[in-house]
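>
Numbering (our numbering), first residue to last: 1244 to 2141.
#1: Would you kindly check if the distance between the Cβ of residue 2019 and the Cβ of residue 2113 is under 8 Å?
#2: Give the single residue among 1630, 1608, 1346, 1969 whose Cα lies nearest to the Cα of residue 1252.
#3: Answer with buried or exposed for residue 1300, where buried requires no fewer than 16 other C-beta atoms within 10 angstroms of its C-beta.
#4: For residue 1474, does the count of other Cβ atoms within 10 angstroms reach 16, so buried, or fall short, so exposed?
#5: Can you grab the Cα-Cα spacing for the pair residue 1218 / residue 1788, in whole Å?
#6: Just mark residue 1508 as buried or exposed, buried being the case when its beta carbon has 16 or more other beta carbons within 10 Å.
#7: According to DSSP, simplified to helix, strand and coil, what is residue 1982?
#8: Can at least three beta-carbon pairs, one atom from the region 1778–1792 and one from the region 2075–2092, be found at a separation below 8 Å?
#9: Would you say the region 1322–1334 touches the region 1469–1484, given that touching needs at least three Cβ pairs under 8 Å?
#10: Answer yes or no: do residue 1312 and residue 1394 have a C-beta to C-beta separation smaller than 8 Å?
#11: Please classify residue 1609 as buried or exposed, where buried requires at least 16 other C-beta atoms within 10 Å of its C-beta.
#12: Residue 1856 and residue 1862 - do their beta-carbons sit closer together than 8 Å?
#13: DSSP three-state label for residue 1894, please.
#14: Given residue 1636, which residues of its chain have a CB within under 7 Å of its CB, disregarding the five upstream and five downstream residues?
#15: Between which two residues does the beta strand (DSSP E) harbouring residue 1819 extend?
#16: Rounded to whole angstroms, what is the Cα-Cα separation between residue 1503 and residue 1480?
#17: Kindly identify the DSSP beta-bridge partner or partners of residue 1400.
#18: Bridge partners of residue 1359, per DSSP?
#19: Look at residue 1817 and residue 1882 and say whether their C-beta atoms are less than 8 Å apart.
#20: Where does the unbroken beta strand (DSSP E) through residue 1372 begin, and where does it stop?
#21: Compute the beta-carbon to beta-carbon distance between residue 1714 and residue 1682, rounded to the nearest angstrom, for a pair I have assumed lies under 8 Å.
#22: Output yes or no for whether 8 Å exceeds the beta carbon distance between residue 1823 and residue 1922.
#23: Below 8 Å between beta carbons: does that hold for residue 1632 and residue 1642?
#24: Could you tell me how far apart the beta carbons of residue 1764 and residue 2065 are, in whole angstroms, since I believe they sit closer than 8 Å?
#25: How far does the alpha helix (DSSP H) with residue 1553 in it extend, from its first residue to its last?
#26: Is residue 1276 helix, strand or coil when you go by DSSP?
#27: Below 8 Å, how does it come out for the region 1791–1807 and the region 2093–2112: are there three or more Cβ pairs, yes or no?
#28: Are the beta-carbon atoms belonging to residue 1295 and residue 1466 less than 8 Å from one another?
#29: Identify, in the order they occur along the chain, each residue of the same chain with its Cβ nearer than 6 Å to the Cβ of residue 1708, setting aside the five sequence neighbours on each side.
#30: Count the other CB atoms within 10 Å of the CB of residue 1640; is the residue buried (16 or more) or exposed (fewer)?
#31: Which full runs of the beta strand (DSSP E) of 3+ residues lie inside the region 1927–1969, going along the chain?
#32: Name the two residues that bound the continuous beta strand (DSSP E) containing residue 1523.
#33: Specify the secondary structure class of residue 1528 as computed by DSSP and reduced to three states.
#34: Give every residue of the same chain whose Cβ lies closer than 6 Å to the Cβ of residue 1750, excluding the five residues on either side of it in the sequence, and list them in chain order.
#35: Should the region 1537–1550 be regarded as contacting the region 1481–1500, the criterion being three or more beta carbon pairs within less than 8 Å?
#36: What is the rounded straight-line gap between the Cα of residue 1803 and the Cα of residue 1517?
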């Protein structure tokens, strides 16, 4: 098992990272294409005798772009859709509407049409297909002709014909993938799924699907430039994504993503156009290919989070290896103890200690070879991993050499020839002090060095949990016998002897229980630490989602697009709205002229925020400071994260001096208020934060704010209606961004990186518990002779079988309670001890490091499970002990065996 963990662990962790990376890419590409290639085309200029088929040309160039993908991504990077979106035109249907026309290669197939068919090329007639909701809103029918007039697309005069009605939800395309394939089309082009009622007195906005030839007809009439988009999707299998997890894989991925746009551009048109249209798309003059992607930014974000996930996950196999090595030591000690009499007899007959150790090595070699082979075979079974056979063989060699080393130590001349005498406490004190110094040094070194830039296995990071476990055991062995002796003295007042004998022996044998205590402490500490980190990450991701949104929903860019913001405020289910704005200022002190520092000046509608979110710290702070009642002077009243009330700050705006007056200190909880998250998260953190009411910022123009957001509150908001107002945008697109808290929380719940951490800790904890049971049983067997003699003496005095089992259990109980206390304390203290080496904020995001989430029920369950584990070990050892008769233990032997 240890060889399998050592050899297959790194590959398994890498595979988990690959699955998390593939899941992250899939999550991002649900909302927008992974890579967008675009080219601008002019109206067609056919040569004499040339026939144009834009649909075939789009498919041909799409295949060219797809085939230009790197060999390492071949099969994973595929063309997802081809789109042409025309500017809106006006139509006379149902008294008038604004019609958005879209050609989409990923449009619904035949099975999605409830009436008619998909649009085709039919002469100069523009064939249209609309959704059921659009049909009902405009009272359309198949075969109906409508007039198309110039709108945003000018100089248009054409006839449109409704040829199909499709179901925008639940329909199945020709490839049988169903609505899941079309989900992004409806998300990016919501007007194709449902119409959007216009403001009072204006025409509604609707969408319709067209064929490529229809786009050409309208473009030729308008003489307009259109943009063709080829949307690519990167679907990486887990084993392929695992290649891009490490530092070397990161360089490979960055090289591939940097080279692919160049290769696609050359394959599309190997001509430098310098902004002109010297390329061709069929019969259309076209610009060179432009590419945009969010995958590189997503990948860099993932790398930062993966580094921390790797740190968190590294403690799980480190704890497992520590427990496993302790189990190996206990096993070797048991073998040495059982063969010690024979080995001493051989020494008396002239055999040397090295010869006995060598013989023991030869005897155990087949088992070591078999274990190494099985472990390496198990590591090779892990799909998509590259087993670290060197590490596995190193662990196998260490386990194999341990038995000969202990054999030599037990039969060396110094151990055989000298008189047995009580050892002084000096050696034990030195060993304990050395353990404490090593643990403290490891923690300090890890805190000072951190884990930045660490590549591959980190020996220091793997050693720290075991060193801390040893330090905890050293402290526990010194401390827990005191209350046990006190309990033994108290039990002596009673009539029974079971408690007195059990507790007295437990206190006396405490120093000899170090290995068993180490196994239990490290196992429990690893499980508690894993549960603590997992709960903290889950809660931190949810808090980060609330920080990104700020309310039930929010619209970023409200000042840049006030029309959309106004329509969102009137959407169904939106009950209250709050405007939050931020601008960058670099003020100076009004007193001495000293520089105050670059600051974020955030304006909030304090009264509205207090009504919409009564628990908001920002709203409460503004109200308590009296800023929501408006000011009469020229000064802008602010609450500042640093400064004294009454201080004056000044900065220059449009050639004039603007004054900020600090009226109070900003409470610390305002810095983490989710209502400020959408605007504060749009920029990097700054030196200071200033918060004012929007009433004091009326002199500022909308263009002066670097970010603004409209917070939307409503328990029953229609998210589909909100998405129809603000569709998801492709990479590189401009415009506002709509964030919905339910969507952000769903994305946080679907975080495969947290799932990877959970899997790693769960598997390692389960294996550690199994090894802990083995080690505990072996430790009990190691001390079974002495305990068996005591039990046999008591049974000759009338002690029953149940009382004997209770004696064993009560003798082990102080050890278990000490292990529970030490393991839980160590597991809860690990995040604090590691300090800067554990950056959970990079993992979760948000305004600050996530608050630790301790699951008391889970921790109590772990402690109870450890007690059950001890009871199970006692039961196994008792069953094995019953196979020995009284004569096996009530025999004459050496005095030193007692």
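Glycine included, each C-beta is placed from N, C-alpha and C at the ideal position.
If we stick to the structure as given:
#1: yes
#2: 1630
#3: buried
#4: buried
#5: Only positions 1244 to 2141 of the chain appear in the structure, and residue 1218 is not among them; the question remains open.
#6: buried
#7: strand
#8: yes
#9: yes
#10: no
#11: exposed
#12: yes
#13: strand
#14: 1615
#15: 1819–1828
#16: 19 Å
#17: 1392
#18: 1407
#19: no
#20: 1369–1374
#21: 4 Å
#22: yes
#23: no
#24: 5 Å
#25: 1538–1581
#26: coil
#27: no
#28: no
#29: 1558, 1561, 1562
#30: exposed
#31: 1931–1936, 1950–1956
#32: 1522–1524
#33: strand
#34: 1724, 1727, 1728
#35: yes
#36: 31 Å
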